[in-house]
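The opening residue of the sequence shown carries number 1 in our numbering; numbering runs sequentially from there.
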Amino acid sequence: MASGTGTTKPERPLGLGAFFRSRITRTIFIWNLLGLAVLILGVLLLTEMRAGLTEAQFRNLRTQGELITNLLIETGTVEGDPNPYVNETAVRTVLRRILPPIAEGARAGVGRPRVRMFAADGRLIADSDVMYDVLEERPLPHIGDEPSIGASIERATQRLEYLRLTPWRPTVTLAEEHSRAMRGEIIRGERLNEKGERVVSVTLPLRRVQQIMGTVTIESADVERILVAERASMIPFMLGATIAILLSSMLLALSIARPLRRLSGAADSLRVTGATRLTMPDLSKRKDEIGALSHSLEEMTNALADRIDANERFAADVSHEIKNPLASIQSAVTSAQTATNPDQQKQMLAIVAQDVHRLDRLITDIARASRIEAETARGDLGDVDVGALLFELARAYSPDDRTQVHVLFKGPKPEGLHVVGQDGALGQVFRNLIDNARSFSPAGGRVFVSIEQARGAEGPIVRAVVEDEGPGIPPENLETVFQRFYTQRPRGTAFGGNSGLGLSIARQIVTAHHGRIYAQNIESPANQPAGARFVVELPLAGAAKH
Numbered sequence: 001m002a003s004g005t006g007t008t009k010p011e012r013p014l015g016l017g018a019f020f021r022s023r024i025t026r027t028i029f030i031w032n033l034l035g036l037a038v039l040i041l042g043v044l045l046l047t048e049m050r051a052g053l054t055e056a057q058f059r060n061l062r063t064q065g066e067l068i069t070n071l072l073i074e075t076g077t078v079e080g081d082p083n084p085y086v087n088e089t090a091v092r093t094v095l096r097r098i099l100p101p102i103a104e105g106a107r108a109g110v111g112r113p114r115v116r117m118f119a120a121d122g123r124l125i126a127d128s129d130v131m132y133d134v135l136e137e138r139p140l141p142h143i144g145d146e147p148s149i150g151a152s153i154e155r156a157t158q159r160l161e162y163l164r165l166t167p168w169r170p171t172v173t174l175a176e177e178h179s180r181a182m183r184g185e186i187i188r189g190e191r192l193n194e195k196g197e198r199v200v201s202v203t204l205p206l207r208r209v210q211q212i213m214g215t216v217t218i219e220s221a222d223v224e225r226i227l228v229a230e231r232a233s234m235i236p237f238m239l240g241a242t243i244a245i246l247l248s249s250m251l252l253a254l255s256i257a258r259p260l261r262r263l264s265g266a267a268d269s270l271r272v273t274g275a276t277r278l279t280m281p282d283l284s285k286r287k288d289e290i291g292a293l294s295h296s297l298e299e300m301t302n303a304l305a306d307r308i309d310a311n312e313r314f315a316a317d318v319s320h321e322i323k324n325p326l327a328s329i330q331s332a333v334t335s336a337q338t339a340t341n342p343d344q345q346k347q348m349l350a351i352v353a354q355d356v357h358r359l360d361r362l363i364t365d366i367a368r369a370s371r372i373e374a375e376t377a378r379g380d381l382g383d384v385d386v387g388a389l390l391f392e393l394a395r396a397y398s399p400d401d402r403t404q405v406h407v408l409f410k411g412p413k414p415e416g417l418h419v420v421g422q423d424g425a426l427g428q429v430f431r432n433l434i435d436n437a438r439s440f441s442p443a444g445g446r447v448f449v450s451i452e453q454a455r456g457a458e459g460p461i462v463r464a465v466v467e468d469e470g471p472g473i474p475p476e477n478l479e480t481v482f483q484r485f486y487t488q489r490p491r492g493t494a495f496g497g498n499s500g501l502g503l504s505i506a507r508q509i510v511t512a513h514h515g516r517i518y519a520q521n522i523e524s525p526a527n528q529p530a531g532a533r534f535v536v537e538l539p540l541a542g543a544a545k546h
């Protein structure tokens, strides 16, 4: 069976549409811009500020209006016979004196209210904005001078007339103010003037004795102009905030949404193409959570690929190991069918029985290896008193009826030797090691088991040792013995009695528990092997890496 060991890299999505199809990208932009919109709207509304300014302006205009009205009553009206009347020339003269022309270059109406007087019939008698023969003059800019950014923004704001975003509606017309003031009331209101500006105004009756001879209206657009000036001054900051938020949203989208989309594309490509390895070199170089995620995904796929490769090798090894006894059985059956001698037939049937037993042992060990691999992969870990486990396991072995091999535990029952792992899997490790040691021990031999706490390279460990009195292991095979289906046995050992999976299973379990297992030879005084020693080292509970 071939393995899809190719690697796949995510395709980079192109185009602005693909960029904004990302939900994370849209979320980043929407919430960032929503916060900006709330900020801008709050700056533009300035409702509380406008209400306070309007109330203050009303009080100011009423005070000024009362002073002007009293002055006009004294100097602009005449007590005639039989009725008093308004001296229109005197009124205009008084207004010119108390309301001087606007300074050159200043905007009309800024800093000075507009005063108008109306006769009783509503006819306009005087208007402070039109009673001077003065032309508005503005200096021309020098040739070659470039306007500043602030000046450009102010000019653009002026062209917009006013940033009228504050909720507002006119309260009364000028005619209504005049009509009600003629009944003796002091009227205040808000409306648009001829220039389209929002103004606040106060209209007072011009009363001499008991007769109302006209009205005086004093109005100002300063409230709106102050608000517009405040809003205009905030425009550069709002533009700056907008640019900053757009840039930050773009950077967040590029650094978060786009890499995640690439990872998703890589996973989809991995699924569709059937490749087993995912390589993300661009993202794995990042020193943040995205880089860590990319590295973890790559490591995960590599681990899965290694597992797939190992399973394929295992399947190939199993196939090879099963074919050998099957071929032997087939040959023995064929020979038994053609043999006429009963002794030869009996010998062939014995070979068949031996190979069937070998197949049964092999299949049983393969099933056990698969089950243990599944159990260790699930990672159902707990606290295991490995000292007590090994002590009780050694005591459970009784001498073999044929070889009389004894299993002896060195020392008293240990205490406090705990590891984090699976007790069933760890018990299988020590059973495999003891069974392996017994199978290599001579008749009447001994297997010694011991355990202790030691100091490892990365912290405290538990070291368990299983020793036998057998022929030892050839130096070149100290590592090979842990390979699957390695079954080099000493002379005289029954063929097919071992599957060669015991030590391989033991290493697989120990490795899954973040430990290590290795083999050594026990040297005799004559520097000859006096047995084999298998050592298992596991992290002590509290020092284990999970």
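Cβ atoms here follow ideal geometry from the backbone N, Cα and C, with glycine treated the same way.
CB-CB under 7 Å to residue i, same chain, minus the five flanking residues each way: which ones, in chain order?
i, result
"Leu99", "Arg112, Val115, Ser128"
"Thr75", "Ala90, Val94"
"Val429", "Ala506, Ile509, Val510, Val536"
Using DSSP bridges, identify the partner residues of residue i.
i, result
"His418", "Asp385"
"Asp309", "None; Asp309 has no bridge partner."
"His295", "DSSP, once it has assigned bridges, lists no residue as partnering His295."
"Val556", "Outside the displayed range of the chain (1 to 546) lies residue 556, so it cannot be described from this structure."
"Tyr85", "Val78"
"Gly456", "Gly459"
Classify residue i as buried or exposed, calling it buried when 16 or more other Cβ atoms lie within 10 Å of its own Cβ.
i, result
"Phe409", "buried"
"Pro414", "buried"
"Asp222", "buried"
"Phe237", "exposed"
"Asn436", "buried"
"Ser524", "exposed"
"Asn341", "exposed"
"Ile125", "buried"
"Ile243", "exposed"
"Val130", "exposed"
"Met300", "exposed"
"Ser255", "exposed"
"Leu304", "exposed"
"Arg59", "exposed"
"Gly52", "exposed"
"Pro474", "exposed"
"Leu270", "buried"
For the alpha helix (DSSP H) containing residue i, name the first residue and the last one.
i, result
"Phe430", "423-440"
"Ile98", "88-98"
"Arg180", "174-181"
"Ser504", "502-512"
Based on Cα-Cα distance, which residue from the options lies nearest to residue i?
i, options, result
"His514", "Pro525, Glu458, Gly502, Arg484", "Glu458"
"Phe485", "Val407, Leu362, Pro474, Ala464", "Leu362"
"Met250", "Asp380, Ile372, Phe448, Thr27", "Thr27"
"Arg368", "Val333, His357, Gly424, Thr215", "Gly424"
"Ser450", "Ser441, Val466, Leu426, Ser439", "Val466"
"Ser328", "Asn302, Pro399, Glu476, Met348", "Met348"
"Ile30", "Leu252, Ser439, Gly184, Ile372", "Leu252"
"Gly531", "Gly502, Ser441, Thr480, Glu476", "Ser441"
"Pro399", "Ile73, Val407, Leu393", "Val407"
"Glu224", "His295, Ile308, Ser504, Glu55", "Glu55"
"Gln354", "Arg371, Ala332, Ala339", "Ala332"
"Gly184", "Val78, Ile351, Asn193, Gln211", "Gln211"
"Arg96", "Gly382, Phe118, Ile68, Ala119", "Ile68"
"Glu219", "Ile434, Asn193, Thr480", "Asn193"
"Arg123", "Met182, Asn70, Ile73, Pro170", "Met182"
"Gly265", "Ala310, Leu297, Ala232", "Leu297"
"Glu197", "Val228, Thr215, Gly500", "Val228"
"Met117", "Thr215, Val200, Ala464", "Thr215"
Excluding the 5 residues preceding and the 5 following residue i in the sequence, name in chain order all residues of the same chain whose CB lies nearer than 8 Å to its CB.
i, result
"Leu540", "Leu417, His418, Val419, Gln453, Gly459, Pro460, Ile461, Val462"
"Gln344", "Ser335, Ala336"
"Pro84", "Thr77, Val78, Arg208, Val209, Gln211, Met213"
So residue i is in the beta strand (DSSP E); what residue range does that whole segment cover?
i, result
"Gly459", "459-467"
"Leu204", "198-208"
"Ile522", "516-523"
"Gly214", "211-220"
"Phe118", "114-119"
"Ala126", "124-127"
"Glu190", "187-192"
In chain order, what residues of the same chain have a beta carbon less than 6 Å from the beta carbon of residue i, not counting five sequence neighbours either side?
i, result
"Phe534", "Leu433, Val466, Ala519"
"Thr203", "Glu177, Ala181, Ile187, Thr215, Thr217"
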